[in-house]
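These protein sequences, in sequence, are chains A and B. Residue 205 in numbering that gives the first Met the number 0 sits at position 206 of the first sequence; the count goes up by one each step and never skips. Residue 126 in numbering that gives the first Met the number 0 sits at position 127 of the second sequence; the count goes up by one each step and never skips. Ideal placement from N, C-alpha and C gives every residue a C-beta, glycine not left out. The model shown is predicted, which means the values in this text are computed figures rather than measured ones. For reference, the structure is listed below as structure tokens.
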Amino acid sequence: MVAFANTWFVANSPLIGEVDWIETKPSAYLAQDQSTFDMEAQFENYRSGSSTEISHAVVFCDSLPCDDHFQNHTQWLAEVESQTTQIFSVLQVALKKLAAVKGQKTVTLVTDIFGIGGVSSSKAASALSGGVIGMAKSLAKEMSRYDLAINVVAIGSLPQINIDSRLNAAQLKLVKMTSLGSEVNDAALPAALQFLQTSGMSVTGQVIRMDGGLLI
Amino acid sequence: MTKSLQGKRVLVVGATGYIGQALTIGIAQAGAEVLMHYHSNGAAVESLCAQVHKVAGYQPRAFQCDVSDPEAAETLVTSAWRAAGRIDVLIHCVGHAVDNSIVFLKPEDVASTLKSNLNTVVNVCEPLSKLMCEHGGGSIVNISSITGLVGQPMRSLYGAGKAAVISYSKALARAVADRHVRVNCLAPQVVEGGLADNMKGMVKALMEENTPIKAQCQAEDLIEPMLMLASDGSPFITGEVINITGGLVTW
């Protein structure tokens with residue numbers, strides 16, 4: 000179990016709560032309850048309960064289901080828009096609040112690798128995570144003047160947050176053939192998050208692919 | 000210019016935009032029959048028709064609609080397909096940037112940016128790639144932006160939209176590759192006369208100074224890479240993104 004100090008955890012899926020190797024649980028689940036959409040109040044509430052200044056944020060971005068080829072693209076586009084808006088709203092609050100804090104700050108987005116290489120079974124998930132990565136890169140450039148580093152961890156296979164269900168059988172088989180195994184190692188994600196929190200401005204605008212070598 | 004698209008029927012979505020106009024002329028010069036889509040600029044489409052007639056000797060068909068509307072986009076695809084008999088190539092040049100810091104952007108800006116950059120692409124690509132799959136194949140070239148690959152300050156939502164276009168294109172490429180439909184992207188830096196005109200002079204000068212080829216990107220710089228991806232000369236290239244940045248982005 001890894002605990003994160005001074006860190007605001009947010010997720011847009013309650014499934015993230017099932018990730019059992021991070022002690023710090025998300026303080027808000029966006030998709031579960033729209034009333035939590037007042038992220039500024041969420042942040043202030045979380046900060047008031049913390050004994051130290053918040054200087055890091057970790058945002059877990061859930062993926063989207065497989066889509067049927069050539070069907071219902073209007074439906075999944077609406078889901079991409081909804082999720083992107085939620086992630087944007089979290090980032091806006093996090094960046095505003097953290098920019099005002101002295102010293103080095105970090106924001107880390109956790110998404111899937113589908114946006115990097117595209118996955119045929121879910122164009123929706125591909126567009127969503129690709130958009131998240133694109134947004135993070137622009138924001139990294141925009142916010143560097145505030146000593147605020149923004150990075151992405153893009154994970155491959157992780158059943159706990161339902162990523163495996165986005166892969167068709169052939170793709171899942173390919174993942175299991177990768178050099179480091181089929182799933183994210185229990186220690187790998189917290190280690191990556193800790194590394195990014197301690198790297199300061201030396202590492203910003205980067206995407207750490209945690210996919211067992213799938214996209215080498 | 001070689002006649003690399005001789006006999007092809009090419010739908011250009013966003014033909015009256017700055018990039019769209021240059022690509023439309025390039026496609027006509029390459030021997031293809033151009034079918035032009037435009038949103039609202041009737042004067043520009045008339046002028047473009049005249050230019051195509053001048054370089055290729057025929058009067059192209061033009062279709063007006065808002066491709067952010069999925070039904071209108073599907074009607075565009077079926078109308079253009081019926082009019083030409085089939086469509087071999089799609090060139091998609093629609094996009095729009097909202098320039099502002101994330102501090103000042105509003106949630107509704109997310110919707111408008113995704114609608115104008117991602118939805119416009121998906122709304123056309125989905126019905127057209129289905130038809131292409133059913134009729135032996137085709138090629139799709141979506142014009143994204145280098146901002147989608149490496150980001151740009153004050154353009155976080157535009158970056159998200161254009162990155163989503165690239166990721167969607169890669170996913171679609173994988174989904175339809177076995178039915179001989181190829182999907183690729185171009186990622187130009189800001190094009191002089193297009194979005195570059197919205198940039199401050201100081202930013203433009205800095206960009207030119209940092210570009211190894213000391214020049215601004217011109218819309219015409221996209222023509223040959225587009226023709227290569229669109230033509231039968233690149234049968235094994237799909238899911239690819241070509242940077243057109245004069246060496247500014249080499250990674």
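{"Query": "From A/Phe42 to A/Thr107, what distance separates their C-alpha atoms?", "Result": "16 Å"}
{"Query": "Can you give the Cα-Cα distance for A/Val131 and B/Asp108, rounded to whole angstroms?", "Result": "15 Å"}
{"Query": "Using the Cα positions of B/Val120 and A/Lys96, report the straight-line distance between them to the nearest angstrom.", "Result": "35 Å"}
{"Query": "Determine which residues of the region 125 to 140 of chain A have a Cβ less than 9 Å from any Cβ of chain B, and write them out in chain order.", "Result": "Ser125, Ala126, Leu127, Ser128, Gly129, Gly130, Val131, Ile132, Gly133, Met134, Ala135, Lys136, Ser137, Leu138, Ala139 and Lys140"}
{"Query": "Step through the CB atoms of chain A and report whether any lies within less than 9 Å of the CB of B/Leu171.", "Result": "yes"}
{"Query": "Determine the extent of the beta strand (DSSP E) in which B/Ala61 is found, giving its start and end residues.", "Result": "Arg60 to Gln63"}
{"Query": "Looking at B/Gln63: is its Cβ nearer than 9 Å to the Cβ of B/Ser39?", "Result": "yes"}
{"Query": "Mapping DSSP to helix, strand and coil, what is B/Trp250?", "Result": "coil"}
{"Query": "For A/Ser88, go through chain B and note every residue whose CB falls closer than 7 Å to its CB, in chain order.", "Result": "Pro106"}
{"Query": "Take the Cβ of A/Met200 as the centre, count every other Cβ of all protein chains shown within 10 Å, and call the residue buried at 16 or more, exposed below.", "Result": "exposed"}
{"Query": "Mind listing the chain B neighbours of A/Leu76? Cutoff is C-beta to C-beta under 9 Å, in chain order.", "Result": "Pro69, Leu113, Lys114, Leu117, Asn118, Val121 and Asn122"}
{"Query": "Can you tell which of B/Tyr17, B/Ala186, B/Thr112 and B/Val102 has its C-alpha closest to the C-alpha of B/Ala218?", "Result": "B/Tyr17"}
{"Query": "Taking the continuous beta strand (DSSP E) assigned at B/Gly137, which residues delimit it?", "Result": "Gly137 to Ile142"}
{"Query": "Output, in sequence order along the chain, the residues in the region 133 to 167 of chain B whose CB is closer than 9 Å to any CB in chain A.", "Result": "Thr146, Gly147, Leu148, Val149, Gly150, Gln151, Pro152, Met153, Arg154, Ser155, Leu156, Tyr157, Gly158, Ala159, Gly160, Lys161, Ala162, Ala163, Val164, Ile165, Ser166 and Tyr167"}
{"Query": "Per the DSSP calculation, B/Leu89 is bridged to which residue(s)?", "Result": "B/Leu10 and B/Ile139"}
{"Query": "Between A/Leu97 and chain B, is there a C-beta pair that is closer than 9 Å?", "Result": "no"}
{"Query": "Identify the contact partners of B/Gly238 in chain A, using a Cβ-Cβ distance below 9 Å as the criterion.", "Result": "Gly116 and Gly117"}
{"Query": "Could you name the residues that DSSP lists as bridge partners for B/Cys184?", "Result": "B/Asn141 and B/Val240"}
{"Query": "State the DSSP-derived secondary structure class of B/Ile29, mapped to helix, strand or coil.", "Result": "Looking at the sequence itself, residue 29 of chain B is Ala, so the reference to Ile does not match. DSSP places B/Ala29 in coil when its eight states are reduced to three."}
{"Query": "Please state whether the Cβ-Cβ distance between A/Gln74 and B/Leu104 is less than 9 Å.", "Result": "no"}
{"Query": "Considering only residues of the region 150 to 238 of chain B, which uninterrupted beta strand (DSSP E) runs meet the minimum length of 3 residues and lie entirely inside it, listed in chain order?", "Result": "180 to 187"}
{"Query": "Just to confirm the assignment, what range does the alpha helix (DSSP H) spanning B/Asp108 have?", "Result": "Pro106 to Leu113"}
{"Query": "By DSSP, does B/Asn40 sit in helix, in strand, or in coil?", "Result": "coil"}
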